[in-house]
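For reference, the structure is listed below as structure tokens.
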Amino acid sequence: MSQSYAKLKELYTRLVDSRDGYEQAFEHATETYFKPMLAELKTERAEFAAAVRADLRKVGENVDEEGSILAGLHRSFLGVRDAVTGQDDDAIKAEIARGEEHLKKAYEAAVEEADGTTQATLMTQKHKVDQAIERVEARENA
């Protein structure tokens, strides 16, 4: 397997993790103004993942649609922590900002190794991730 497919697969896994994380955040958020943004970002990440999955399939690469084991464990840990300490929207915002920064780094790595239409698609998606980071940070500071 070439390095570019490995980075693209890693990005795909992070997108699935991000989608699942937004779903969980939506379920736990209490601020009504915050929930529509979470739903929008979940949908956007699902669309991004579908596009990356399609690019991988075009070159004969198969991908797992479950996300990473580590992210699943992290969400389980957060669920236990929240049950013990309580969940608040500020904690959700901080976790989203952290996750988006990791996603941004995965995009940067994949863009470097991609070419053609895949690279253009990734650059457009990365720009939207950058915008999401700005939106979350604005909410975090509100």
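All residue numbers for the sequence shown refer to the numbering used here, where the first residue is -8 and numbers rise by one. Ideal Cβ placement from N, Cα and C applies to all residues, glycine included.
Q: State the Cα-Cα distance for the pair D55 and T4, rounded to the nearest angstrom.
A: In this structure, the straight-line span from the alpha carbon of D55 to that of T4 is close to 8 Å.
Q) Using the C-alpha atoms, what's the distance from K84 back to V75? A) Note that V75 scores a pLDDT of 38, beneath 50, so its modelled location is shaky; the value from the coordinates is reported in the next line. Taking the Cα positions, V75 is about 19 Å away from K84.
Q: Can you say whether T108 is buried or exposed, counting buried as having 16 or more other CB atoms within 10 angstroms of its CB?
A: When all chains shown are included, T108 counts as exposed.
**Q.** First through last residue of the alpha helix (DSSP H) which encompasses T23
**A.** T23 -> no alpha helix (DSSP H), and no H or E assigned at all.
Q: With a threshold of 16 other CB atoms inside 10 Å of the CB of Y98, please say whether the residue is buried or exposed.
A: Answer is buried; the Cβ neighbour count reaches 16.
**Q.** G51, DSSP secondary structure in three states
**A.** It is coil, neither helix nor strand.
(Q) Which same chain residues end up closer than 7 Å to A137 when comparing Cβ atoms and leaving out the 5 residues on each side of it in sequence? (A) Outside the modelled stretch of the chain, which goes from -8 to 133, sits residue 137, for which no answer is possible.
Q.
Taking the alpha carbon of Y13 as the reference point, which residue from E35, T23, L2 and L113 has its own alpha carbon closest?
A. Comparing Cα positions, the closest option is E35.
Q. Does DSSP classify A88 as helix, strand or coil?
A. Secondary structure of A88 (DSSP, three-state): helix.
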